[in-house]
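Going by the UniProt record's numbering, the first residue of the first sequence is number 1, and it counts up by one from there. Note that the Cβ used here is the ideal one computed from N, Cα and C, for glycine as well. In what follows, a structure is listed as C-alpha cells, so that the remarks can point back to it.
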Amino acid sequence: MVWFRKGLRVHDNPALDLARRGAARVYPVFVLDPRYLRPDPDAPSPGSARAGVARVRFLLESLDDLDSRLRRLGSRLLLLRARDDVSDAVCAALKDWNIGKLYFESDTEPYALTRDMRVTDFAAASGIEVFSPVSHTLFDPAEIIEKNGCRTPLTYQSFLNIAGEPPAPLTEEYSVLPPIGDTGEYELFSVPKLEELGYGDISQEHVPPFRGGETEALKRMRESLQDKEWVAKFEKPKGDPSAFLKPATTVLSPYLKFGCLSSRYFYHCIQDVYRSTKTHTKPPVSLTGQLLWRDFFYTVSFGTPNFDHMKGNKICKQIPWRESEELFVAWRDGRTGYPWIDAIMIQLRKWGWMHHLARHSVACFLTRGDLFIHWEKGRDVFERLLIDSDWAINNGNWLWLSCSSFFYQYHRIYSPISFGKKYDPNGDYIRHFIPALKHMPKQYIYEPWTAPLSVQEKARCIIGKDYPKPVVDHAAASKECRDRMGEAYASNRPSGGDPVKGNKALNSRQRKIYEDAPDSSKSKHPKKSS
DNA sequence: TCCGGGTTGGAGCC
DNA sequence: GGCTCCAACCCGGA
1 MVWFRKGLRV
11 HDNPALDLAR
21 RGAARVYPVF
31 VLDPRYLRPD
41 PDAPSPGSAR
51 AGVARVRFLL
61 ESLDDLDSRL
71 RRLGSRLLLL
81 RARDDVSDAV
91 CAALKDWNIG
101 KLYFESDTEP
111 YALTRDMRVT
121 DFAAASGIEV
131 FSPVSHTLFD
141 PAEIIEKNGC
151 RTPLTYQSFL
161 NIAGEPPAPL
171 TEEYSVLPPI
181 GDTGEYELFS
191 VPKLEELGYG
201 DISQEHVPPF
211 RGGETEALKR
221 MRESLQDKEW
231 VAKFEKPKGD
241 PSAFLKPATT
251 VLSPYLKFGC
261 LSSRYFYHCI
271 QDVYRSTKTH
281 TKPPVSLTGQ
291 LLWRDFFYTV
301 SFGTPNFDHM
311 KGNKICKQIP
321 WRESEELFVA
331 WRDGRTGYPW
341 IDAIMIQLRK
351 WGWMHHLARH
361 SVACFLTRGD
371 LFIHWEKGRD
381 VFERLLIDSD
391 WAINNGNWLW
401 LSCSSFFYQY
411 HRIYSPISFG
421 KKYDPNGDYI
431 RHFIPALKHM
441 PKQYIYEPWT
451 APLSVQEKAR
461 CIIGKDYPKP
471 VVDHAAASKE
481 CRDRMGEAYA
491 SNRPSGGDPV
501 KGNKALNSRQ
511 RKIYEDAPDS
521 SKSKHPKKSS
C-alpha cells in the first residue's frame, strides 16, 4: 500500500517508486479525514473548522488529478473515508487487504507524527514492513539537527552552513504501475465534488485563480522558469505585494504544501536555469533561497517543542498580548478601515493566497504594529484560509512577524498607509478587492477618512457608512505597541530576574519608573547603570 | 564583553 | 532607485 497524505504527485515520489519496485500489486490510498473536512456551521466562513472551502477545493482538485495520472499508468487512487480517525481507516485496510508492505512519505508535523505512530505501531504488531522516506522537504529535519550537534539551528545562516546541497530528485519516468489489488467488500469512492461535502450554499464563494493538482503544478513551474532572466534576478524582498493580475512570485506554495510539486525537483530545475545564466541571486533572497527557508522552518519546528504556542515555547518571547474580540474580528473580516489591510484580508478570504509582503503587512498590523493581538489568533485565521497554509512555515512566520522569535527589530513597523502606496499609488489593488472604494480618488484611497465629505459623496462611499472608519490611529497605536514591546522584551531578558549580577536588566516596572524619572534621557543605556 | 550581521521599515534627500 | 539616518532589537562568534 502507498498511503498518500501530502506528496500528491507521481513525479519524484520515493514512496510510490519503492512500492512499484517491491510488489506485483500496489494499493494507492488516500483517506478523507473528517477532522479536516467536517463542515463547521459556526466557522466565520464556509468550510470546516480547519480549512476554508478554497483549500478544500484545492485538495479535491489535487486528488482528482492524482487519480487521473495514476489511471494513465494503469492504476487508480483508492479513496477511503475515515469515520473518525484516519489511522483507524488505514489499519483496517491494511488488515482487510492483507498488505505486506506499507509506504508513505515522512511527515514531521505533530498531528501527522501522532497519526503515523498509531499506524506504524499497528504495522509492527501485524508484521507489516513500513517504509517512510523523506521527500516533502529538501532535507531530513532530524538529520540536520543531528549534524548540528543535536542542536536545532535557529538562524537561517547556521542552517545553510550545515545543510549543503539537497539530494537529487528521482527523475526516472515510468509508463506503467502495478495494478491495484483486490479491494474485497470495500466501497470505492470517486473524488467527491466540493458541493457534496455539506458546506451549505457555496455558489457565491469566489473560485481562486489557482487550480490544484500535479499537472497544474508542473505547468505553472515550467511557465515560471521559462523567463530565465526573471529566475536569475529574483529577489524576494523586492517583489510587489500589490500585483494580483500577475503575482510577483511563482505562486507554487500551494503545490508545495500538498506535495503536488516536489521541492527537490523544483530546486533541481532552478539550478538548471542558473547554469544557463551568467549570474544569479543567492539565498536568502533567491528562488532557491525560498525553498531553503521552507526547510529552515520545517527543521526548527521539528526541533522545538510547542513551536505553535507562545507558552512552553523556549524560542518564543513571552509577550502580554491584548484581548480584543472586536478589533480581532475587524481585522479578520477586513473591516479595519485601513484599505491596504482590508484588501489583503479580503484577498485572503477570496483567493486563499496573498503575496508574502502583504502577509507581513497584516500580520504586523494585528500583532506588534497596531492592534497588539496575539499572533496565535492571526495564525489560526491564516491556517484555515490559506490554500498554501503549512504548519511549520505559517507558525514560523507568525513568530517572525510578531517579533516573538527569529526577528527582533520591533521598531520596524509596516505602515498600513505608506507601505502599499509605494507599490501601487493608484490603489488598483484596493479598488479590485474593495468595490466600495472603487471611485475614491487616488490621493485618498489609502486614507479615505481624510477625504472631504463632498469627495466621499462623489465617490459614493461615505466613511463610517459604506466603508468603516479606522479602528485605531496608526501613529498612536504603533507608538504604544513599540512601548509595550520594549517592556515585554525587558521582562524577557534572562538577567532580568537575577539580582546577583551587576548588569541586570530592568524589569518592565523598574524600567517605567526609570524612564519616568526627570533626567533619564541623559543615559542612552539605562540597563547598564548599576 | 564586544562587534558584525540580520531576506522584506519609514522618512528625507538627491 | 539608492543612500543615510533614525533608534535599537537579538544572536553568534571571537
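Between the alpha carbons of LYS458 and SER478 lies a gap of roughly 32 Å. For PRO28, the enclosing beta strand (DSSP E) has its first and last residue at 28–32.
In terms of Cβ geometry, CYS364 and LEU327 do not form a close pair [threshold 8 Å]. Cβ-Cβ separation between SER405 and ILE315: approximately 5 Å, consistent with a contact (criterion under 8 Å).
Collapsing the DSSP output to three states places TYR467 in a strand. The beta carbon of ALA43 sits closer than 7 Å to those of ALA49, all from its chain and outside the five residues before and after it, given in chain order. For LEU79, DSSP records a beta bridge to PHE30 and PHE189. Less than 8 Å divides the Cβ of LEU73 from the Cβ of LEU177. The C-beta of MET117 has fewer than 16 other C-beta atoms within 10 Å across all chains shown, which makes the residue exposed.
In this structure GLN226 is exposed. Its beta-carbon is surrounded by fewer than 16 other beta-carbon atoms within 10 angstroms. In the DSSP annotation of this structure, the continuous segment of the beta strand (DSSP E) that includes GLU129 starts and ends at 129–131. Following the DSSP letters along the chain, one finds TYR156 inside the alpha helix (DSSP H) bounded by residues 156–163. Beta-bridge analysis with DSSP links ARG322 to ILE373. If you look at LEU102, you'll find it isn't in any alpha helix (DSSP H); it sits in the beta strand (DSSP E) that goes 101–104. Burial is judged here by how many other beta carbons sit within 10 angstroms of a residue's own beta carbon; GLU172 has fewer than 16 and is exposed. Excluding five sequence positions before and after LEU16, the CB atoms of its chain that fall closer than 6 Å to its own CB belong to VAL2, given in chain order. Of the residues LEU194, PHE407, LYS278 and VAL472, the one whose Cα lies closest to the Cα of LEU37 is LEU194. PHE4 carries a strand assignment under DSSP once its states are collapsed to helix, strand and coil.
For LYS95, the enclosing alpha helix (DSSP H) has its first and last residue at 86–96.
Under the three-state reduction of DSSP output, SER126 falls in the helix class. Assignment of PRO153 by DSSP, reduced to helix, strand and coil, places it in the coil class.
Per DSSP, the continuous alpha helix (DSSP H) segment holding GLN290 begins and ends at 287–303. Spatial neighbours of PRO247 in its own chain (CB-CB distance under 7 Å, excluding positions within 5 residues in sequence) are listed in chain order as HIS355. The three-state secondary structure of SER48, taken from DSSP, is strand.
Straight-line spacing of the CA atoms in LEU79 and ARG275 works out to 42 Å. Inclusion of THR281 and PHE234 in the CB contact set at 8 Å is warranted, their separation being smaller than that value. A Cβ-Cβ distance of about 18 Å is found for the pair LYS95 and PHE131, leaving them out of contact under the 8 Å criterion.
Just measuring C-alpha positions, the residue of VAL251, LEU113 and HIS411 sitting nearest ARG484 is HIS411.
Contact between TRP331 and PHE210 is ruled out by a C-beta separation of about 24 Å, above the 8 Å threshold. Annotation for ALA232: THR277 and HIS280 place their beta carbon closer than 6 Å to its own, counting only its chain and skipping 5 residues before and after. As DSSP reads the structure, PRO167 sits in no beta bridge.
Looking from the CA of VAL472, the closest CA among PHE433, PHE4, ILE341 and ALA51 belongs to ILE341. In terms of Cβ geometry, ASN394 and ARG379 form a close pair [threshold 8 Å]. A straight-line Cα-Cα distance of about 14 Å links CYS150 and SER301. With a cutoff of 8 Å on beta-carbon distance, PRO39 and GLU205 are scored as not near each other. With respect to TYR103, LEU18 sits close: the two C-beta atoms are nearer than 8 Å.
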